[in-house]
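Let me begin by presenting the structure, written as structure tokens, before commenting on it.
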Amino acid sequence: MKGAELDFSGKVALVTGGSRGIGKGVSLALAERGARVMICGRKEEILRSASRELKELGYEVLAFPANVGKSDQVKALMEYLDKQFGKLDILVNNVGMNILTPSIIDSDEGLWDKVIETNLKGPYLVTKEAVRLIRKAGAGRVINISSIAARKATMGMGIYCIAKAGLEMLTRVLAVELAQERINVNAIAPSMVKTGFSKFFWGNESLLPEITRMVPMGRIAEVEDVVGCVLFLASELSRFVTGETITVDGGSMA
């Protein structure tokens, strides 16, 4: 192993939710290593800004606004990707949302649908359409960004916990179904990551000591901690790994 395994020259990657946080970090890391990258997200202004920023660094990055929970928008995304790049090698299902919710019993159907659509239905729809383009590449990787919430019921996050647990089972089912086609499907389950997504918690000086106290390594995760795992799973270093969820939590779930 001489480092060539982390060279993605000639590869095409799609990162959902790729305009900020973990998704932006993943997009940059893949582009730095030679991949052509497509990013998508719902907020077009933020998406275009991220795309411009990466292009100014000299990378080949395209952006397409889409709500991945809507099948017609996902199909339009894939048609555009096919037209621009003609194939897909790496899919990172990163888009997600976590809002504080009432108990499951007190949650209304609309709230349930909103959280499930983004965190579970979205990755299902994107992967379903993306596999057609991965088949054109002859092999590929699907990487789902889950959460330790999939394995730890948490007050105020019940629907999110259920959605992420479903995402991890979707990962395993797809891994079995696609193994013969040389399409590896894995997931990453981080604890709290220092992004705008969770700033309400880590940005609160009274909450932060309590949060870090629960992490044996004494800090919350950084975007780079997740990016490293994505690069491993996207590369030939993980060629015999499929159906797995890698926990990135500083020992929180040990």
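Using the working numbering, you'd call the opening residue of the sequence shown number 320 and step up by one each time. Positions of the beta carbon are idealized from the N, C-alpha and C atoms, including for glycine. All values derive from a computational prediction rather than experimental measurement.
Note to self: For residue 320, which residues in the same chain have their Cβ closer than 8 angstroms to its Cβ, ignoring the five residues on either side in sequence?
What the structure shows: For residue 320, the pLDDT reaches just 49, beneath the cut-off of 50, and the residue's location in the model is therefore unreliable, although a value from the coordinates is still provided. Counting only Cβ-Cβ distances below 8 angstroms, and skipping sequence neighbours, we find 556.
Notebook entry, point to check: How about residue 354 and residue 330: do their beta carbons lie closer than 8 angstroms?
Noted result: yes
Next item on the list: Report yes if the CB atom of residue 512 is closer than 8 angstroms to the CB atom of residue 540, and no otherwise.
Entry: yes
Notebook entry, point to check: What separation, rounded to the nearest whole angstrom, lies between the Cα atoms of residue 374 and residue 456?
Noted result: Those two C-alpha atoms are separated by around 24 angstroms.
Notebook entry, point to check: Does the beta-carbon distance from residue 406 to residue 452 come in below 8 angstroms?
Noted result: yes
Next item on the list: Give every residue of the same chain whose Cβ lies closer than 8 angstroms to the Cβ of residue 368, excluding the five residues on either side of it in the sequence, and list them in chain order.
Entry: 338
Margin query: As a quick exercise: from 417, 366, 335, 343, pick the residue whose alpha carbon is nearest that of residue 518.
Written below: Nearest C-alpha to residue 518 among 417, 366, 335, 343: 417.
Next item on the list: Grab me the residues of residue 328's own chain with a C-beta within less than 6 angstroms of its C-beta, minus the 5 sequence neighbours each way, in chain order.
Entry: Excluding residues up to 5 positions away in sequence, 353 lie with their Cβ nearer than 6 angstroms to the Cβ of residue 328 in the same chain.
Margin query: If I follow the unbroken beta strand (DSSP E) through residue 384, where does it start and stop?
Written below: 380–384
Item checked: Cβ-based neighbour list, residue 443, same chain, cut-off 8 angstroms, excluding 5 preceding and 5 following -> Its chain contains 489 as the residues whose beta carbon lies nearer than 8 angstroms to that of residue 443, once the 5 sequence neighbours on both sides are disregarded; these appear in chain order.
Next item on the list: Could you tell me which residues DSSP pairs with residue 460 in its beta bridges?
Entry: 409, 503
Checklist line | Residue from 481, 458, 542, 494 whose Cα sits closest to the Cα of residue 409 | finding: Of the candidates 481, 458, 542, 494, the one whose C-alpha sits nearest the C-alpha of residue 409 is 458.
Next item on the list: Could you please give the first and the last residue of the uninterrupted alpha helix (DSSP H) stretch that includes residue 545?
Entry: 542–553 is the span of the alpha helix (DSSP H), which, as asked, contains residue 545.
Next item on the list: Could you please give the first and the last residue of the uninterrupted alpha helix (DSSP H) stretch that includes residue 526?
Entry: Per DSSP, residue 526 belongs to no alpha helix (DSSP H) and is neither H nor E.
Next item on the list: Go to residue 333, then tell me how far its beta strand (DSSP E) extends in each direction, as first and last residue.
Entry: It spans 331–335 - the beta strand (DSSP E) in which residue 333 sits, taken as one unbroken run.
Next item on the list: Check residue 509 in the structure and name its three-state DSSP category.
Entry: strand
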